[in-house]
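J.: Submitted below is the structure of interest, expressed as structure tokens.
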Amino acid sequence: MEFFPHFWYNPHQRTEAVRRVYLDRHCPIILLLLAVICGNVYALQGSTGVNGSNAQAVHELGITGKGIKIGLITARNVLTTHLAFEPNTVFNYDYSGDGIGYNYHDTPFAGIIKSKGSYNHPYDIGVAPDAEIRCCRVADNNDGVSRTWLQNALDDLMAIGCKVIVTGFQLPPDEDPSWSRMYDYYAANYDIVFANAAGNNYSNVSVFGDGYNGITTGGLEDIVADDYSRVGEVTCPGPTIDGRRKPDIMAPSTYQVAPGYSGSSNDYWYTTSGSGATSWAVPHTAGVAALLLEYANQTTEADDGRNEVIKAVIVNSAFPNIDRKNGDSTNPADPNNTWHNERGYGRVDVLRAVNTLSAGKISKDATVITSTAGWAYDTISPSATHTYLIAGNKNERLVLTVTWNCAITKLGPNYSLESPLFNIDVTVKGPEGEPIFSEIDDVNNLEKVDIRLPADGNYTVSLHNITSKSRSYGLAFELLTPLTGDFNTDYIVDGYDLSRIAEEWLTAGAEADIVPDDIVNNLDFAEFADNWLKIEKRYFCP
């Protein structure tokens, strides 16, 4: 039996100030009635589909989170006897001194990750159904939590090998930053993926979502059933209170049917709220991280499971075409909108992330990278520059993400951020050495590029360490092929492109020569007709 040195916490040590935690509170009966009235059939199954986190496609590859331990930091505990949980795969601990306890929130919070379904819900399968859950209660019966309880839980989760941590409550954005710096410390020093919620009902991202080294997740609504394409009503927008780019990604939130707690049944199922609360979104990120870590454990690569690499591939593969809360487009094709304060970098897509991770590690400096995706992990010395030469074609989109951990100093119960911050400047130059992207930013520890390439040739991506410190970083990239026949690059093949075919008909060397034979003719038109009215969903805005 595993021994948790801090598990039975002494209630007489409660002299430390505690903070009140905040949960998403909605009546499940009202939500169920609304779902029936609206005529939609909602389920956990829909949120893990292609217009959700896309976990089902990864399950079909045999990747289900097996062998990965996920730590839950919660206000209460998980009903381990629920029929949707396999025996001996969900474990509860208490650090508050008030014992194991339950509420409406924390069982579905775990269930979105872990559900294996039941007789009555055979298709409501979680994001990482074969992961192991370790749930740590850190709030007392008055919903107060202390940093000591939280730190003790984290120490024990590290000791048993949890590689993913996800938190089920929030603190206000103006709370003491030491709470989030604690998470940053454990991420940097123990190589842990922290899935942090952006929070609800504030005008800035809340604690713990304002952490540097975690992945901050906002919630999405499915205005059309199971199509999670709009930012949730209550999810906190960015930036952080100190002006950094958070949230990072979005994930499904609304109307998911997940294992629940009723006090009397071990097969009760809860329908999550319709407001886009982040409690129901961030479990997707935790599950996605578990799937990627399981994949990494199966390879011979030493570094594909590093938390910097996992974060880079998750953010780089995000689907950016997400509407704002009011339904307006965020116009993701515009490089100025690569990050948006409401939708971050976009909706998590674990299949695309797995494909990037499986594309293999790339090398810096002289080698020309001819693959269309890949990742890197390296350590950059003080004032050094690392370059990556990527072969690209005209009108392809280069999507590239670089991230690193901020260093945190721990002194007793206090955690402090390094000063000055470590920083990498990212630039991209075209085949002739012309700059096409440059960002000088000294506050964020993640940079993402999403640009259309102007010409065929080799593109130079430079990472310049502008500090006197060394640091490891993770990088992920992908080249996106343009739509065939989309000559004006508006991400739809339509009448504008047909007019180009007409203008260049029987012309040699023209752009409309889709089948390269030095003339625009019936072969090109046939290929064009096959793509008529196709759209690139990642960028098309009607």
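Under the numbering used here, the residues of the sequence shown are numbered 809 to 1350, in order.
Ideal Cβ placement from N, Cα and C applies to all residues, glycine included.
Every value quoted in this text rests on a predicted model; they were computed, and no experiment measured them.
Taking the beta strand (DSSP E) that Val-1356 belongs to, which residues open and close that run?
T.: The shown model of the chain, from 809 to 1350, leaves out residue 1356, and the question about it has no answer.
J.: For Gly-879 and Thr-889, I'd like the C-alpha separation in whole angstroms.
T.: Your numbering for residue 879 matches position 71 in the sequence shown. Your numbering for residue 889 matches position 81 in the sequence shown. Roughly 18 angstroms between the two C-alpha positions.
J.: Could you check whether the stretch 942-949 touches the stretch 919-934, counting it as contact only if at least three pairs of C-beta atoms, one from each stretch, sit closer than 8 angstroms?
T.: These segments do not touch.
J.: In whole angstroms, what is the alpha-carbon distance linking Trp-957 and Trp-987?
T.: Numbered from 1 along the sequence shown, position 149 holds the residue referred to as residue 957. Numbered from 1 along the sequence shown, position 179 holds the residue referred to as residue 987. Rounded to whole angstroms, Trp-957 to Trp-987 spans 12 angstroms at the Cα level.
J.: Can you find the residues in the same chain that come closer than 8 angstroms, C-beta to C-beta, to Pro-1239, ignoring five residues on each side of it along the sequence?
T.: Against the sequence shown, residue 1239 aligns to sequence position 431. Cβ neighbours of Pro-1239 beyond the five flanking positions: Ala-1263, Asp-1264, Gly-1265, Asn-1266, Tyr-1267.
J.: Give me whichever residues DSSP pairs with Ala-1354 in a beta bridge.
T.: Nothing about residue 1354 can be read from this structure; the chain reaches only from 809 to 1350.
J.: Opposite Trp-1077 in the DSSP bridges: which residues?
T.: In the sequence shown, residue 1077 corresponds to position 269, counting from 1. Paired residues: Pro-1067.
J.: Mark Lys-1345 as exposed unless 16 or more other C-beta atoms lie within 10 angstroms of its C-beta, in which case mark it buried.
T.: Residue 1345 sits at position 537 when you count from the first residue of the sequence shown. It counts as exposed.
J.: Give me the DSSP bridge partner(s) of Gly-1265.
T.: Taking the first residue of the sequence shown as position 1, residue 1265 is located at position 457. Paired residue(s): Gly-1200.
J.: Output needed for Asp-1233: all residues of its chain with C-beta closer than 6 angstroms, excluding positions within five of it in sequence on either side, in chain order.
T.: Taking the first residue of the sequence shown as 1, we reach residue 1233 at position 425. Taken in chain order, the residues that qualify are Ile-1248, His-1272, Ile-1274.
J.: Are Asp-1112 and Trp-1183 closer than 8 angstroms when you measure CB to CB?
T.: Within the sequence shown, numbered from 1, the residue matching residue 1112 stands at position 304. Within the sequence shown, numbered from 1, the residue matching residue 1183 stands at position 375. Closer than 8 angstroms, so yes.
J.: If we ignore side chains and look at the alpha-carbon of each, how far apart do Val-886 and Phe-1002 end up?
T.: Within the sequence shown, residue 886 is the residue found at index 78, counting from 1. Within the sequence shown, residue 1002 is the residue found at index 194, counting from 1. Approximately 19 angstroms, taken between the alpha carbons.
J.: Enumerate, from N- to C-terminal direction, the unbroken beta strand (DSSP E) stretches of 3 or more residues contained entirely within the stretch 1242-1301.
T.: Runs found: 1243-1247, 1254-1260, 1265-1273, 1279-1288.
J.: Three or more C-beta pairs under 8 angstroms: does that hold for the stretch 967-980 against the stretch 1095-1102?
T.: Result yes; three or more Cβ-Cβ pairs closer than 8 angstroms.
J.: Are the stretch 1010-1017 and the stretch 1110-1129 touching, with three or more C-beta to C-beta distances below 8 angstroms?
T.: As far as the Cβ criterion goes, the stretch 1010-1017 does not touch the stretch 1110-1129, which means the pair count is below three.
J.: Only counting runs of 3 or more residues, tell me where the beta strand (DSSP E) segments fall wholly within the stretch 870-958, in order along the chain.
T.: If we require 3 residues or more, the beta strand (DSSP E) runs fully inside the stretch 870-958 come out as 877-882, 898-902, 924-926, 929-933, 940-945.
J.: So, do the stretch 912-932 and the stretch 890-897 have three or more beta carbon pairs nearer to each other than 8 angstroms?
T.: The stretch 912-932, when compared against the stretch 890-897, does touch it at the 8 angstroms Cβ threshold.
J.: Give me the residue from Leu-1341, Phe-1245, Thr-1193, Phe-899 with the minimum Cα distance to Ser-1280.
T.: If you number the sequence shown from 1, residue 1280 lands on position 472. Closest option to Ser-1280, Cα to Cα, is Thr-1193.
J.: Report the three-state DSSP secondary structure of Tyr-998 (helix, strand or coil).
T.: Here the question's residue 998 lines up with position 190 in the sequence shown. If DSSP states are grouped into helix, strand and coil, Tyr-998 belongs with the helices.
J.: What does the alpha-carbon distance come out to for the pair Val-1362 and Gly-854?
T.: Beyond the ends of the chain as shown, which are 809 and 1350, falls residue 1362; an answer cannot be given.
J.: Run through the DSSP bridge pairs and tell me what Arg-775 is partnered with.
T.: The requested residue 775 is not part of the displayed model; the chain covers only 809 to 1350.
J.: Would you identify the three-state DSSP class for Ile-1031, choosing helix, strand or coil?
T.: Numbered from its first residue, the sequence shown carries residue 1031 at position 223. Here Ile-1031 sits in coil by DSSP.
J.: Quick one: what does DSSP say Leu-758 is sitting in, helix, strand or coil?
T.: Any property of residue 758 remains undetermined from this structure, which presents the chain solely from 809 to 1350.
J.: What are the boundary residues of the alpha helix (DSSP H) that includes Thr-1093?
T.: On the sequence shown, residue 1093 is found 285 positions in, with the first residue counted as 1. Looking at the DSSP string, the run of the alpha helix (DSSP H) that includes Thr-1093 is 1090-1105.
J.: From Pro-930, Gly-952, Lys-1172, Asp-964, pick the residue whose C-alpha is nearest to that of Arg-942; which is it?
T.: Counted from its first residue, the sequence shown places residue 942 at position 134. Looking at the Cα atoms, Asp-964 is the closest of the given residues.
J.: Cβ atoms of Val-1251 and Arg-1052: under 8 angstroms apart, would you say?
T.: Within the sequence shown, residue 1052 is the residue found at index 244, counting from 1. Within the sequence shown, residue 1251 is the residue found at index 443, counting from 1. Going by C-beta atoms, Arg-1052 is nearer than 8 angstroms to Val-1251.
J.: Would you tell me roughly how many angstroms separate the C-alpha atoms of Met-1058 and Val-1065, rounded to the nearest one?
T.: The residue you call residue 1058 lines up with position 250 of the sequence shown. The residue you call residue 1065 lines up with position 257 of the sequence shown. Their Cα atoms are separated by approximately 19 angstroms.
J.: Leaving out five residues on either side along the sequence, give the residues of the same chain with a beta carbon under 6 angstroms from the beta carbon of Val-1269.
T.: Sequence index remark: in the sequence shown, residue 1269 carries index 461 (1-based). Here the set comprises Tyr-1196, Val-1236.
J.: Which whole runs of the alpha helix (DSSP H) in the stretch 1165-1224 are 4 residues long or more, in chain order?
T.: None, since the stretch 1165-1224 contains no complete alpha helix (DSSP H) of that length.
J.: So, at 8 angstroms on beta carbons, what are the nonlocal neighbours of Val-844 in its own chain, with the 5 sequence-adjacent residues on each side left out?
T.: On the sequence shown, position 36 is the one that residue 844 refers to. At Val-844, the pLDDT of 38 sits below 50, so the modelled position is not reliable and the matter cannot be decided from this model.
J.: According to the Cβ coordinates, are His-1092 and Ser-861 closer than 8 angstroms?
T.: Against the sequence shown, residue 1092 aligns to sequence position 284. Against the sequence shown, residue 861 aligns to sequence position 53. Contact: yes.
J.: Mapping DSSP to helix, strand and coil, what is Gly-1040?
T.: Your numbering for residue 1040 matches position 232 in the sequence shown. DSSP places Gly-1040 in coil when its eight states are reduced to three.
J.: Enumerate in chain order the residues of its own chain whose CB-to-CB distance from Tyr-1347 is below 7 angstroms, with the five nearest sequence positions on each side excluded.
T.: Working through the sequence shown from its first residue, we reach residue 1347 at position 539. Here the set comprises Asn-1129, Pro-1140, Ala-1141, Tyr-1299.
J.: Does the beta carbon of Tyr-931 come closer than 8 angstroms to any beta carbon on chain D?
T.: In summary, chain D is missing from the structure at hand, where a single protein chain is found.
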